[in-house]
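For the sequence shown, the working numbering gives the first residue as 5, with consecutive numbering after it.
We treat Cβ as the ideally placed atom computed from N, Cα and C, and that holds for glycine.
Inspection log for the structure reproduced underneath, given as structure tokens.
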Amino acid sequence: MSLGGIAIAIGAMIDASIVMVENVHKKIQAHKGELKGKERIELILNASKQVGRPIFFALILIVVSFLPIFALSGQEGALFKPLAYTKTFAMITGAILSITIVPILMVYLIHGKILDERGNWLNRFFIWLYSPLLKTALYLRYIMPFILIGVIIYGVYIYQKQKWEFMPPLNEQTYMYMPVTPYGIGIGMAKSLTQKTDKLLKENFPEVSTVFGKAGRANTATDPAPLSMIETIISFKPQSEWRKGMTYDKLLNEMESTIQIRGLTNSWTYPIRGRIDMLLSGIRTPLGIKLYGDDNIELSKQAKIIEQKLKGYRGTQSVFADKANAGYYLNIDLDEKKIAEYGINKNLILDTISNGVGGAKVATLYDGIKRYPISLRYEESQREDLTTIKNIRIKTPYGYAPLETFAKLYYKEAPSVLKSEKGKKVIFIYITPNQGVTSQIYKKEGNRILSDIKLPTGYYFEWAGESEYLESAMKKLTYIIPITLFITFILIYLGLNSIKNALIVFLTLPFATVGGIVYLNMLDFNFSIAVMVGFLSLIGVATETAIVMIIYLEDAVGKVKDRTINNLKKAIYEGAVLRVRPKLMTVFAILGGLVPIMYIDGVGSEVMQRIAAPMIGGVVSSAILTLLIIPSIYYMSLKKKHKK
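Here it is in structure tokens:
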């Protein structure tokens with residue numbers, strides 16, 4: 005993500021240099037005769053001062069537009085802050101260099117006669133293409149505001165049809181299969197199920213390179229997984245070796261339909277994504293529900309009702325509730341009178357059971373730096389069921405007596421996992437939505453489906469996972485973005501030193517966002533926090549291109565002495581058409597840094613493409629805005645002022 009910040013900033017960093025060099029070229033071309041010595045230096049410095057202030061503020065605007073990213077926290081903050089930092093530092097450095105080093109370099113490097121831009125066939129082509137379009141826009145200037153409003157309404161219409169998700173699916177090119185089994189299964193059954201699913205994955209899919217399954221927890225306190233949790237890492241061969249037409253989505257669907265084993269509830273995620281979800285919320289699926297209450301039996305009952313309700317929703321791929329009350333325990337109730345009669349103590353009985361059934365460490369085997377504990381316990385035939393355990397012999401002063409003489413032994417069903425949050429017991433319901441169903445849509449439909457459930461007093465549920473991450477991020481952005489827009493307007497005013505021009509630039513920004521929305525719709529991308537980052541970056545870039553146009557229009561109009569309507573119109577035409585080269589150069593420079601991102605396909609490309617897509621679409625629409633609509637609105641404001 006750090007490199008991503010540089011990637012989306014690299015095109016904008018050179019914009020100031022383009023504008024400054026272009027302005028110096030125009031000033032030198034306008035001067036009759038060759039400039040030398042102090043006169044040339046003075047002209048270069050004056051030309052730099054003319055555009056230096058607004059361009060500096062335009063680059064700072066790109067920095068300010070990223071301020072909301074620094075307000076994000078949690079998963080989204082950790083992901084995008086590195087990008088925001090690198091882009092911010094790059095743009096600040098670019099802004100400072102543009103008003104310090106660039107003018108000095110122009111003094112040393114710009115010499116001799118400057119060729120007219122019309123001498124270049126490419127420039128002539130763009131002037132030929134742009135000239136009639138601008139004339140038409142100026143002629144239809146009173147229609148332009150309505151076109152602007154109509155395009156914005158169209159953008160709102162498309163936006164209302166878009167789906168929201170927290171983050172785009174980040175393809176790690178490795179799947180993690182996490183089926184859930186009933187609580188209380190033994191080691192043998194967990195091992196058998198793991199081996200069976202591993203075999204199905206390896207033998208039925210030629211795309212699979214390796215399969216590694218783990219049941220239960222690793223030998224570490226940081227992995228509290230029960231035996232009922234199976235984690236299988238599936239790595240793949242290069243896509244060039246896959247079956248023709250096979251994609252990751254198709255492969256996942258095939259795996260889901262192939263692995264249908266009685267007693268297993270399938271769940272699919274990615275290794276990194278799954279770990280992050282579990283660390284943040286304890287939910288190991290993209291979405292989940294936390295049901296709070298006071299009694300484990302009642303919690304299990306209500307969780308089962310919720311599970312059955314959601315299973316009937318077509319957007320559900322899998323849903324399963326923790327079987328928290330499905331643990332089986334061997335209870336031993338000691339008879340103190342019998343123990344006293346035989347003249348023994350409780351510890352003798354408890355130690356015998358603990359060491360004989362559970363095992364006692366008697367030695368350690370050393371193999372180089374490796375250490376293996378050696379434990380001793382009864383043969384399996386002496387501890388395999390309740391009857392054999394009852395017959396365990398206890399040594400007493402009167403000889404050996406069976407364990408059942410001193411205790412009542414029985415199995416009891418009780419909670420296998422104790423979870424608590426917010427001062428209450430909690431049970432998790434894990435949900436995996438179908439592909440194409442976002443967490444926001446699923447939560448909305450889920451609340452509707454569960455609305456008729458009447459929970460007992462003191463019991464309630466809340467959603468967890470992606471839907472809550474999205475809501476948390478949006479709450480922060482809803483109050484940070486208006487503040488950022490206000491600061492943006494202030495900076496536009498400081499750069500242009502004109503309320504009228506600042507309003508023209510600011511009020512035309514929504515047109516730029518329409519291009520981003522349309523392009524996202526064409527790519528079938530859902531809206532997400534990554535897309536919002538792209539739109540925030542677009543605000544600064546679109547503002548910069550609009551400011552560049554205003555600078556050139558102001559410069560052209562400022563040279564008009566006889567301010568008639570025709571002269572003003574001619575000045576606006578020259579300020580726009582004859583300066584089309586730097587404006588297009590800034591647009592193409594930005595696109596040149598963004599378009600390659602859309603063709604990468606490595607890990608993390610999904611996030612970077614969601615950031616770049618609204619910027620690409622927005623830069624194109626802002627170019628249309630800058631080249632056609634802003635000159636028309638600027639001309640209308642001048643004409644009105646001239647009439648007054």
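Cβ neighbours of residue 495 within its own chain (closer than 7 Å, five residues either side excluded): 61, 64, 65, 68.
Residue environment analysis places residue 95 among the buried positions, since at least 16 neighbouring C-beta atoms fall within 10 angstroms of its C-beta.
Rounded to whole angstroms, the gap between the alpha carbons of residue 193 and residue 424 is 28 Å. Rounded to the nearest whole angstrom, the C-alpha separation of residue 510 and residue 155 is 16 Å. As the crow flies, the alpha-carbon of residue 392 is around 13 Å from that of residue 405.
Taking a C-beta distance under 8 Å as the contact criterion, residue 152 and residue 484 do not qualify as a contact pair.
Spanning the alpha carbons of residue 385 and residue 395 requires a straight line of approximately 11 Å. Counting the other CB atoms within 10 Å of its CB gives residue 559 a total of 16 or more, which places it among the buried residues. Judged by pairs of C-beta atoms under 8 Å, the region 540-550 does not touch the region 561-568, as fewer than three such pairs exist. Listed in chain order, the alpha helix (DSSP H) runs fully inside the region 250-335 are 252-262, 275-285, 300-315, counting runs of at least 4 residues. Considered as a whole, the region 129-165 harbours 148-164 as its complete alpha helix (DSSP H) runs of no fewer than 4 residues, in chain order. The criterion of a C-beta distance shorter than 8 Å is satisfied by residue 256 and residue 272.
The C-alpha of residue 437 is placed about 58 Å away from the C-alpha of residue 573.
Two segments are said to touch when three or more pairs of C-beta atoms, one from each, lie closer than 8 Å; by this definition the region 508-523 does not touch the region 68-84. Of the residues assessed, residue 526 falls on the exposed side of the cut-off, its CB having fewer than 16 other CB atoms within 10 angstroms. For the pair residue 460 and residue 304, the Cα-to-Cα distance works out to about 13 Å. Excluding sequence positions up to five before and after residue 593, its CB lies within less than 8 Å of the CB of 15, 16, 18, 19, 22, all in the same chain and listed in chain order. For residue 217, the enclosing beta strand (DSSP E) begins and ends at 212-219. Beta-carbon to beta-carbon, residue 313 and residue 453 are separated by about 5 Å, close enough to satisfy the 8 Å threshold. With 16 or more other Cβ atoms inside 10 Å of its own Cβ, residue 234 counts as buried. Within the model, the alpha-carbon separation for residue 105 versus residue 49 is close to 12 Å. Of all C-beta pairs linking the region 313-325 to the region 337-353, fewer than three are shorter than 8 Å, placing the two stretches out of contact. Annotation: residue 29 to residue 110 spans about 10 Å, alpha carbon to alpha carbon.
When 630, 622, 618, 547 are compared, the shortest CA-CA separation from residue 581 is found for 630.
Residue 91 is positioned such that its CB atom lies closer than 8 Å to that of residue 9. For residue 24, same chain residues with a beta-carbon under 8 Å away, outside a window of 5 residues either side, are 51, 52, 55, 56, 59, 102, 106, 107, 110 in chain order. Rounded to the nearest angstrom, the gap between the Cα atoms of residue 599 and residue 640 is 35 Å. Look at residue 422 here: in three-state DSSP terms it is coil, with no helix or strand label. Cβ-Cβ distances below 6 Å link residue 468 to 285, 287, 292, 294 in the same chain, with the five nearest sequence neighbours on each side left out; the list follows chain order. Taken through DSSP and simplified to helix, strand or coil, residue 532 comes out as coil. Contact between the region 444-453 and the region 161-169 is present: three or more C-beta pairs spanning the two stretches fall below 8 Å. If you compare the alpha carbons of 254, 231, 617 with that of residue 268, the shortest gap goes to 231. Here residue 605 carries a coil assignment [DSSP, helix/strand/coil].
In this structure, residue 512 places its C-beta atom within 8 Å of the C-beta atom of residue 550. In its chain, beyond the 5 residues on either side, 360 have a beta carbon closer than 6 Å to the beta carbon of residue 382.
No Cβ-Cβ contact shorter than 8 Å links residue 589 with residue 601.
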